[in-house]
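In terms of the working numbering, the sequence shown is residues 28 to 575. From the three backbone atoms N, C-alpha and C, an ideal C-beta is built for every residue, glycine too. Down below is the structure, laid out as structure tokens.
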Amino acid sequence: MAHLTDYKSLHEDTAVTSHCYGPNSFKLHRLPVARPGELLGLVGTHSIGKSTALKVLAGEVIPNLGRLNNPPEWQEILTHLKDEDYRSYYTLLAAKKLKVVVKPQEVEDLSCYTEPHIRKLIENHNERGMMKEVCDALELNEFLKARVNHVTSGVLQRVMIAITVLQKAHVYIFDEPSNFLDVRKKFKAAQLIRSLLLTPDTYVIVSDNDISFLDYLSDAIHCFYGKPGAYGIVSPPFNARAGIEIFLSGFYRFHNMRIRDESLRFEKPPPRQSTDGIPSFFGRYKYPDMSRTFWDSKLEVEAGEFYDTQILVVLGENGIGKTLFLDLLAGVVSPDMVGGELRLQMRMFNVSYKPKKGAWKFDCTVRELPEMRRLLARIVPEFVSDVMKPLGIEQLLDRKVASLSNGEFQRVAITVCLGRHASVYLIDEPGTYLDADLRLNVAVAIKRHILRVQKAAIVVEDNLIMATYLADQVIVVEGKPGAKCTVSSPCPLVKGMNRFLSEHLNITFSRDEESFNLTPRVNKEGSIEDRRQKAERNHYNVGLSDYM
């Protein structure tokens with residue numbers, strides 16, 4: 028792995044353009060480098076050049092060096108490549124000696140295939156003769172008889188990963204493969220993608236917005252930074268640990284440049300207090316044992332208790348009742364048990380709820396939304412700096428609600444939720460549809476707001492970096508979709524994460540005490556640390572034994 032000081036590539040001067048789409052259009056500075064037998068990860072905000080870089084790596088776009096009228100041929104481009112790794116990959120690409128397969132970003136791209144049945148679609152791409160092993164790994168067997176247009180986006184994502192992995196190629200490119208997958212299926216997919224490196228001359232490149240997913244997968248990382256929609260700069264290749272550290276800290280020391288406005292810094296929590304140590308003016312919230320039955324499935328909730336300033340994070344697979352649990356707490360859905368005690372307990376919750384999916388059916392701008400008008404009428408400067416600025420809301424205020432993308436709608440919905448007066452904030456999957464940069468900003472915004480207003484929050488989140496940053500306590504939802512599922516009582520962070528990681532994911536986390544931000548990092552599967560922690564049954568080893 029090259030160090031920063033060793034970095035020599037196409038553009039040591041970022042004023043030189045690698046590729047430009049037109050006059051006054053987006054420009055990409057520098058290019059990523061892929062190495063055989065190594066998994067390369069790309070991380071950065073939306074509209075910063077990752078898709079352009081993937082197209083260059085796939086040979087779909089020839090970098091024009093910013094020359095729109097007389098674009099160069101590959102032979103000239105190669106003369107600018109000083110680093111041997113760059114020359115090696117792009118020379119093979121220019122000579123058309125690399126077969127490249129790409130898993131596109133959008134799962135809707137499956138509609139371009141004429142075969143409507145999943146089994147036949149996968150069979151048509153089974154060049155490596157490993158269909159059974161791949162379908163087992165991705166848990167696709169129960170969907171093989173289904174039609175492509177009859178399954179969820181999460182299933183389509185796994186089908187696209189399968190047909191990419193099953194093809195014979197020199198280069199495998201995956202664009203946002205973790206989208207629509209719950210946390211367990213993300214790491215199942217990660218293990219399968221990484222298995223492609225068993226063939227030593229294979230190149231594997233992954234662009235994704237889930238930091239823990241990339242951390243687990245990658246050997247090397249390129250961070251993308253710049254001004255979204257205007258220009259993007261590709262960092263030198265870092266080893267995965269250094270690359271994630273730079274992205275989370277938001278500071279690129281080599282150029283003495285801040286590449287993100289917010290740093291995501293993990294702090295050691297204070298020692299666990301007894302109930303006698305909770306300030307008397309803090310709200311204390313309880314919910315009782317309860318259950319809800321839907322058709323053949325049943326959700327059973329164990330009673331819980333929490334306090335102001337605490338954030339509870341709910342972890343579990345998709346389809347086993349995490350959203351239903353929030354619906355029960357919010358009063359959107361009534362439990363089967365409707366005794367007087369339960370009703371009394373539920374009235375204690377003055378909640379603000381951001382559901383997983385929602386829509387405002389107003390023909391107006393964001394500023395004119397009734398809830399946004401109320402928020403803006405009583406807004407305080409701290410809310411602007413803690414929430415609205417990191418989420419980029421001011422740029423959206425005069426946009427029509429109907430014109431918002433899914434990610435923009437998510438940011439507005441989170442802002443409205445946090446802007447209400449409430450005792451408990453219920454937030455369902457705040458990271459959905461957001462890029463890696465905004466996910467970190469959302470996590471920081473939620474935590475700052477909860478601590479400032481001294482209220483409580485319960486958050487469902489599959490992104491483990493966001494989840495571990497937010498969590499004071501953990502609620503684990505267990506069971507099988509369509510059967511009996513159980514919501515555990517809240518438990519301390521380390522105990523809850525150990526339970527979830529050991530029983531459901533079989534992966535390990537450790538904290539680097541020398542790291543700038545004390546980030547819990549995913550250990551590579553089979554590494555010395557991974558094997559040691561599994562042997563000790565300590566899957567979440569973050570040096571916090573006093574807080575279990």
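Could you spell out the range, first to last residue, of the alpha helix (DSSP H) harbouring residue i?
{"i": "R438", "result": "433-446"}
{"i": "V328", "result": "Where V328 is concerned, there is no enclosing alpha helix (DSSP H), although the beta strand (DSSP E) it sits in stretches over 324-328."}
{"i": "Y117", "result": "111-121"}
{"i": "V186", "result": "180-192"}
{"i": "T320", "result": "Premise fails: T320 lies in the beta strand (DSSP E), 317-321, not in any alpha helix (DSSP H)."}
{"i": "F170", "result": "Segment: none, F170 is in no alpha helix (DSSP H) and carries neither H nor E."}
{"i": "E103", "result": "101-106"}
{"i": "A21", "result": "The structure shown does not extend to residue 21, since the chain is modelled only from 28 through 575, so no value can be given for it."}
Which residues bound the beta strand (DSSP E) around residue i?
{"i": "Q500", "result": "500-506"}
{"i": "P517", "result": "Neither: P517 is in no beta strand (DSSP E) and is coded neither H nor E."}
{"i": "S379", "result": "378-381"}
{"i": "R538", "result": "536-538"}
{"i": "F201", "result": "198-202"}
{"i": "D455", "result": "451-455"}
{"i": "V340", "result": "338-342"}
With DSSP run on the structure shown, which of helix, strand or coil describes residue i?
{"i": "K18", "result": "Since the first residue shown for the chain is 28 and the last is 575, residue 18 is missing from the structure and cannot be characterised."}
{"i": "C47", "result": "strand"}
{"i": "R564", "result": "coil"}
{"i": "D425", "result": "coil"}
{"i": "K551", "result": "coil"}
{"i": "H144", "result": "strand"}
{"i": "D390", "result": "coil"}
{"i": "I347", "result": "coil"}
{"i": "K126", "result": "coil"}
{"i": "V407", "result": "coil"}
{"i": "K159", "result": "helix"}
{"i": "K474", "result": "helix"}
{"i": "V88", "result": "coil"}
{"i": "D413", "result": "helix"}
{"i": "S239", "result": "helix"}
{"i": "T226", "result": "coil"}
{"i": "E289", "result": "coil"}
{"i": "R558", "result": "helix"}
{"i": "P397", "result": "helix"}
{"i": "V569", "result": "coil"}
What are the residues that DSSP puts in a beta bridge with residue i?
{"i": "G259", "result": "L55, G253"}
{"i": "L69", "result": "S234, H249"}
{"i": "H152", "result": "Per DSSP, none; premise fails for H152."}
{"i": "F333", "result": "Y312"}
{"i": "M284", "result": "Y279"}
{"i": "N266", "result": "A247"}
{"i": "K576", "result": "Nothing in the structure corresponds to residue 576, since the chain is present only between 28 and 575."}
{"i": "S487", "result": "The question names Ser, yet the displayed sequence has Val at residue 487. Answer is V341, D455."}
{"i": "K511", "result": "K325"}
Apply the 10 Å Cβ neighbour rule to residue i and answer buried if 16 or more other Cβ atoms are within range, or exposed otherwise.
{"i": "T320", "result": "exposed"}
{"i": "G367", "result": "Confidence is the limiting factor: at G367 the pLDDT is only 44, short of 50, which leaves the residue's position unreliable and the question unanswerable from this model."}
{"i": "G348", "result": "buried"}
{"i": "D228", "result": "exposed"}
{"i": "Y230", "result": "buried"}
{"i": "N568", "result": "buried"}
{"i": "H56", "result": "buried"}
{"i": "P508", "result": "exposed"}
{"i": "L490", "result": "According to the sequence shown, residue 490 is Asn rather than Leu. Burial call: buried."}
{"i": "N176", "result": "exposed"}
{"i": "E103", "result": "exposed"}
{"i": "K195", "result": "exposed"}
{"i": "M493", "result": "buried"}
{"i": "V129", "result": "buried"}
{"i": "V504", "result": "buried"}
{"i": "R558", "result": "exposed"}
{"i": "D464", "result": "buried"}
{"i": "D316", "result": "exposed"}
{"i": "R481", "result": "According to the sequence shown, residue 481 is Gln rather than Arg. It counts as exposed."}
Would you say the beta carbon of residue i comes nearer than 8 Å to a heavy atom of the ligand GTP?
{"i": "K195", "result": "With respect to small molecules bound, the structure shown includes none, and the ligand GTP cannot be examined in it."}
>> For the segment 161-171 against the segment 81-88, do three or more pairs of beta-carbon atoms, one drawn from each stretch, fall closer than 8 Å, so that the two count as touching?
In response: No: fewer than three Cβ pairs fall under 8 Å.
>> Does the segment 178-196 come into contact with the segment 144-158, if we say contact requires no fewer than three beta-carbon pairs (one atom in each stretch) closer than 8 Å?
In response: yes
> Quick one: any contact between the segment 240-253 and the segment 61-72, if contact means 3 or more CB pairs under 8 Å?
Replying inline: yes
>> Using 8 Å as the cut-off, can you tell me whether the segment 452-470 makes contact with the segment 391-401, which would need three or more C-beta pairs spanning the two stretches below that distance?
In response: no
> Would the segment 553-568 and the segment 524-541 be scored as touching if the rule is three or more Cβ pairs under 8 Å?
Replying inline: The segment 553-568, when compared against the segment 524-541, does touch it at the 8 Å Cβ threshold.
>> I'd like to know if the segment 424-444 and the segment 375-392 are in contact, where contact means that at least 3 CB-CB pairs between them fall below 8 Å.
In response: yes
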